[in-house]
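**Q** Mind having a look at this structure? Questions to follow.
Number of protein chains: 2
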Amino acid sequence: MAVVTNLDPHRRKSSTTPLDDLTALVADDLLAVNTIIVDRMQSPVALIPQLAGYIVAAGGKRLRPVLTLAAARLCGYRGEHHRLLAAVVEFIHTATLLHDDVVDESDLRRGLASANAVFGNKASVLVGDFLFSRAFQMMVEVKSLEVLGILANASAVIAEGEVLQLQTTNDTQTSEQAYLEVIKGKTAELFAAACRVGAVVADRPAAEETALNDYGLNLGIAFQLVDDVLDYSARQATLGKTVGDDFREGKITLPVVLAFRRGNEEERAFWRRTMEELDQRDGDLERAQELMTRHGALADTVERARHYGAIARDSLGLFPDMPVKRALLDVVDFVIDREF
Amino acid sequence: MAVVTNLDPHRRKSSTTPLDDLTALVADDLLAVNTIIVDRMQSPVALIPQLAGYIVAAGGKRLRPVLTLAAARLCGYRGEHHRLLAAVVEFIHTATLLHDDVVDESDLRRGLASANAVFGNKASVLVGDFLFSRAFQMMVEVKSLEVLGILANASAVIAEGEVLQLQTTNDTQTSEQAYLEVIKGKTAELFAAACRVGAVVADRPAAEETALNDYGLNLGIAFQLVDDVLDYSARQATLGKTVGDDFREGKITLPVVLAFRRGNEEERAFWRRTMEELDQRDGDLERAQELMTRHGALADTVERARHYGAIARDSLGLFPDMPVKRALLDVVDFVIDREF
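Protein chains in written order, with our numbering: chain A, 12 to 351; chain B, 12 to 351.
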């Protein structure tokens with residue numbers, strides 16, 4: 012969608028992304044993390060590694076564990092606990108994905124059949140529970156009550172965010188503020204915790220812990236905002252993601268909140284019919300996209316993302332210049348300027 | 012069913028049960044635990060306390076938290092952490108109930124509409140996740156890595172047990188040993204952990220920890236075996252439980268395992284049709300009960316429960332005679348001789 016792509020005139024031409032660059036900086040660690048992940052999903056109950064392996068293998072770029080590894084690196088950490096914690100963060104993330112797909116009744120995740128579509132809802136709920144419990148077992152090995160507190164708290168906030176989202180689904184009256192609370196919970200809190208524990212294992216001062224927490228939190232908000240834009244504008248082949256999923260589910264995201272508030276009565280009736288009553292017809296998705304474009308809802312959601320991205324970047328101001336810091340800064344822009 | 016009730020010629024006539032007696036011994040603590048439970052299920056997201064409050068209010072006799080309180084008392088513990096841990100145990104139990112009812116597609120729990128029937132499957136999955144996370148937050152406050160390890164491990168084993176049960180559902184070939192692994196995981200492990208943490212907070216020697224662990228484990232196995240008998244023999248009014256739930260779901264429990272193995276080919280065909288193919292007709296439940304009676308499957312399941320009950324009783328041999336010990340011993344018999 013031109014209105015969105017035009018927001019980024021400096022699109023890089025190189026074939027490696029800043030996320031690739033960050034990942035390359037922690038490549039050894041990440042290899043170790045992948046081994047830990049495979050090792051720790053084992054169980055005498057065969058269905059557990061089968062299902063967990065399926066979703067972990069399908070599992071994207073390991074953004075969250077890479078953040079933990081990079082944060083520990085930024086803090087000069089020399090031990091090995093950050094690897095275990097990176098795997099913990101991925102397990103928590105995977106458990107929430109499994110439960111999300113059950114809750115959303117999704118058939119696809121990143122272009123592949125979702126775990127619940129392949130293995131059934133029951134197994135997805137229970138294997139999610141297993142991964143979550145296993146994550147806490149692994150955390151105990153790190154022997155840090157602070158780390159345990161941070162990740163237990165993050166998990167509770169994630170669940171709160173998901174329940175809040177359930178309450179706002181199909182409610183076109185949802186305010187931007189309420190939506191922000193949802194995505195802080197369901198997405199940004201785990202980004203924050205993933206970064207923060209990198210400082211905690213390195214035993215760094217509170218100011219650095221907070222800095223990394225705030226970097227993760229704001230990066231997470233920006234990430235989710237852009238994800239919500241992509242649901243209306245992505246080129247499917249690029250993302251392995253079906254455009255219009257949120258629309259079909261009546262999920263209220265910021266593009267909808269803005270288009271609804273900026274629309275006239277006839278347009279609001281359209282949003283109520285499609286998102287609240289889920290009475291959707293041929294051409295409705297295209298109409299939704301057209302209304303969003305007309306009101307600048309997608310472009311302004313990306314602008315909002317830039318605001319949080321700027322906070323994320325400034326959060327790292329305390330840290331000295333070094334390659335991993337530069338990569339973390341570049342990742343902020345990358346997350347916002349992902350392929351539309 | 013006469014064959015079962017006759018197994019207990021010494022049915023007590025008093026109106027208080029041994030569980031009532033045990034509960035009375037820790038009444039002050041339990042009152043505090045109930046306050047903690049209500050307090051800690053609070054959240055700014057209103058649906059969470061609504062749903063959690065619904066299932067906790069419906070929630071039976073608080074057997075597991077009473078075990079934690081009694082174990083701490085038996086170990087002479089004088090602090091207050093056992094109350095927090097008793098609430099933690101109830102939260103973990105409640106979270107698994109919420110997910111179980113989603114997995115089993117249950118409409119009733121203890122005679123009331125199940126939480127998923129009232130609030131929907133989505134909310135039940137997510138509020139279960141919240142309670143589970145909240146339990147870990149509360150554990151961190153106790154500042155004992157040993158306690159955290161025990162309960163994280165128990166949670167993982169519970170999830171494994173549930174997945175194993177999913178794999179054995181509808182499989183009439185399930186062996187007694189495989190079934191035992193299922194109930195060790197899904198039920199007995201939390202009983203064991205609930206008792207064990209009572210010794211851990213009291214900082215007692217490893218032998219006492221193990222003794223309480225083994226008491227809980229074997230009590231839990233006996234409890235589940237009898238529960239499975241009750242599903243074919245309970246007087247519904249007494250239990251607030253629908254007879255035949257397991258049968259209708261094709262859930263393979265020990266009474267079925269025994270009746271199948273002891274039956275002839277025609278009978279095995281009946282079990283395959285009803286439990287594997289779930290092709291059930293009028294009179295099938297009665298036929299199942301009749302076959303179980305003919306082969307002594309219910310009576311022998313209760314006998315198996317007595318075996319584990321005896322191990323549970325002997326586990327407490329190390330502890331000096333005191334009222335709470337006597338009450339814990341009596342609870343074993345009570346669990347086995349519950350109203351049929």
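Virtual Cβ for every residue (Gly too), placed ideally from N, Cα, C.
(1) Please state whether DSSP places Tyr124 of chain B in a helix, a strand or coil.
(2) Excluding sequence positions up to five away, which residues of its chain have a Cβ less than 7 Å from the Cβ of Phe345 of chain A?
(3) Can you check whether the C-beta of Glu173 of chain B is within less than 7 Å of a C-beta belonging to chain E?
(4) Listing by chain order, which chain B residues have their CB less than 9 Å from the CB of Lys154 of chain A?
(5) What in chain A is Cβ-close to Ala170 of chain B, meaning under 7 Å?
(6) Specify whether the region 141 to 154 of chain B and the region 116 to 134 of chain A touch according to this definition: at least 3 beta carbon pairs, one from each stretch, less than 8 Å apart.
(7) For Gly160 of chain A and chain B, any beta-carbon pair shorter than 7 Å?
(8) If we define contact as Cβ-Cβ less than 7 Å, is Ser117 of chain A a contact residue for chain B?
(9) Suppose the cutoff is 7 Å on Cβ atoms and the five residues either side in sequence are ignored; what does the same chain contact list for Ala213 of chain B look like?
(10) Which word fits Asn275 of chain B, buried or exposed, when buried means at least 16 other C-beta atoms lie within 10 angstroms of its C-beta?
(11) Do the CB positions of Phe2 of chain B and Thr183 of chain B come within less than 7 Å of each other?
(12) Check distances from the C-beta atoms of the region 56 to 71 of chain B to those of chain A and list, in chain order, the residues that come in under 9 Å.
(13) Determine the burial state of Asp348 of chain A: buried for a count of at least 16 other Cβ atoms within 10 Å of its Cβ, exposed for fewer.
(14) Which residues in chain B sit within 8 Å of Ala38 of chain A, going by Cβ to Cβ distance?
(15) Within the same chain, show all residues whose beta-carbon is closer than 8 Å to that of Gln61 of chain A, passing over the 5 residues directly before and after it, in chain order.
(16) In whole angstroms, what separates the C-alpha of Ala106 of chain A from that of Asp225 of chain A?
(17) Tell me where the alpha helix (DSSP H) around Lys195 of chain A begins and ends.
(18) At a Cβ threshold of 7 Å, is Gln300 of chain B touching chain A?
(19) Under 8 Å Cβ-Cβ, which residues of chain B neighbour Phe281 of chain A?
(20) Cβ closer than 8 Å: which chain A residues qualify as neighbours of His110 of chain B?
(21) Excluding the five sequence neighbours on either side, which residues of its own chain have a C-beta within less than 6 Å of the C-beta of Phe258 of chain B, listed in chain order?
(22) Who are the neighbours of Phe102 of chain A on chain B, taking C-beta pairs under 8 Å?
(23) Specify the secondary structure class of Leu109 of chain A as computed by DSSP and reduced to three states.
(24) 7 Å is my cut-off, CB to CB: does Val114 of chain B come that close to chain A?
(25) So His306 of chain A is in the alpha helix (DSSP H); what residue range does that whole segment cover?
(26) Quick one: grab the DSSP three-state call for Leu289 of chain B.
(27) Output the distance between the C-alpha atoms of Leu235 of chain A and Leu119 of chain A, rounded to the nearest integer angstrom.
(28) So does the region 186 to 206 of chain A actually touch the region 263 to 270 of chain A, counting three or more Cβ pairs closer than 8 Å?
(29) Where do the N-terminal and C-terminal ends of the alpha helix (DSSP H) with Gln184 of chain B fall, by residue?
(30) Just to check my reading of the structure: Val208 of chain B and Leu96 of chain B have Cβ atoms closer than 8 Å, yes? What is that Cβ distance to the nearest angstrom?
(31) Tell whether a beta-carbon distance below 7 Å holds between His93 of chain A and Leu80 of chain A.
(32) Can you give me the start and stop residues for the alpha helix (DSSP H) that Cys206 of chain A sits inside?
(33) Using a beta-carbon distance below 7 Å, is Ala233 of chain B in contact with chain A?
(34) Would you mind sorting Pro76 of chain B into buried or exposed? The rule is 16 or more other CB atoms within 10 Å of its CB.
(35) Would you verify that the beta carbon of Thr16 of chain A is, or is not, closer than 7 Å to some beta carbon of chain B?
(36) Can Val174 of chain B and Leu142 of chain A be called in contact, C-beta distance under 7 Å?
**A** On the basis of the data shown:
(1) Per the sequence shown, residue 124 of chain B should be read as Ala rather than Tyr. In the structure shown, the three-state DSSP call for Ala124 of chain B is strand.
(2) So the list reads Thr28, Pro29, Leu30, once near-sequence residues are dropped.
(3) Given the protein chain composition of this structure (A and B), no chain E is represented.
(4) In chain order, Leu156 make up the part of chain B whose C-beta sits under 9 Å from the C-beta of Lys154 of chain A.
(5) Result: Leu137, Asp140, Phe141, Ser144.
(6) Contact fails: fewer than three Cβ-Cβ distances are below 8 Å.
(7) Gly160 of chain A counts as touching chain B.
(8) No, because no Cβ of chain B sits closer than 7 Å to the Cβ of Ser117 of chain A.
(9) Taken in chain order, the residues that qualify are Ala83, Cys86, Gly87, Tyr88.
(10) Its Cβ having fewer than 16 others within 10 Å, Asn275 of chain B is exposed.
(11) The structure shown does not extend to residue 2 of chain B, since chain B is modelled only from 12 through 351, so no value can be given for it.
(12) If the cut-off is 9 Å between Cβ atoms, the region 56 to 71 of chain B has Val56, Ala57, Leu58, Ile59, Leu62 near chain A.
(13) Asp348 of chain A is classed as buried because its beta carbon has at least 16 other beta carbons within 10 Å across all chains shown.
(14) Those within 8 Å of Ala38 of chain A in chain B number zero; the least Cβ separation is about 30 Å.
(15) Within the same chain, Phe130 come within 8 Å of Gln61 of chain A by CB-CB distance, once the 5 residues on both sides are set aside.
(16) Ala106 of chain A and Asp225 of chain A: Cα-Cα distance of roughly 24 Å.
(17) From DSSP, Lys195 of chain A is part of no alpha helix (DSSP H); its letter is neither H nor E.
(18) Contact of Gln300 of chain B with chain A is not assigned, every C-beta pair being separated by 7 Å or more.
(19) Against Phe281 of chain A, chain B offers no close residue; the least beta-carbon distance is about 26 Å (beta-carbon pairs closer than 8 Å).
(20) Here the neighbours are Val136, Leu137, Asp140.
(21) Hits under 6 Å: Leu296, Ala299.
(22) Here the premise fails: no neighbours, minimum Cβ distance about 11 Å.
(23) Leu109 of chain A: helix per DSSP, three-state reduction.
(24) Yes, because at least one Cβ of chain A sits closer than 7 Å to the Cβ of Val114 of chain B.
(25) His306 of chain A -> no alpha helix (DSSP H), and no H or E assigned at all.
(26) The three-state reading of DSSP puts Leu289 of chain B in coil, since its state is none of H, G, I, E or B.
(27) The identity of residue 235 of chain A in the sequence shown is Gln, whereas the question assumes Leu. Answer to the nearest angstrom: the Cα atoms are 18 Å apart.
(28) In short, these stretches touch, since the Cβ pair count reaches three.
(29) Looking at the DSSP string, Gln184 of chain B is not in any alpha helix (DSSP H), and its letter there is neither H nor E.
(30) The distance from the Cβ of Val208 of chain B to that of Leu96 of chain B is about 5 Å, consistent with a contact at the 8 Å cut-off.
(31) Less than 7 Å divides the Cβ of His93 of chain A from the Cβ of Leu80 of chain A.
(32) 200 to 212 is the extent of the alpha helix (DSSP H) around Cys206 of chain A.
(33) Not closer than 7 Å to any Cβ of chain A, the Cβ of Ala233 of chain B fails to qualify, so no.
(34) Buried: at least 16 other Cβ atoms inside 10 Å.
(35) With a pLDDT of 36 at Thr16 of chain A, under the threshold of 50, the modelled position of this residue cannot be trusted; read the value that follows with caution. Not closer than 7 Å to any Cβ of chain B, the Cβ of Thr16 of chain A fails to qualify, so no.
(36) The answer is no: Cβ separation not under 7 Å.
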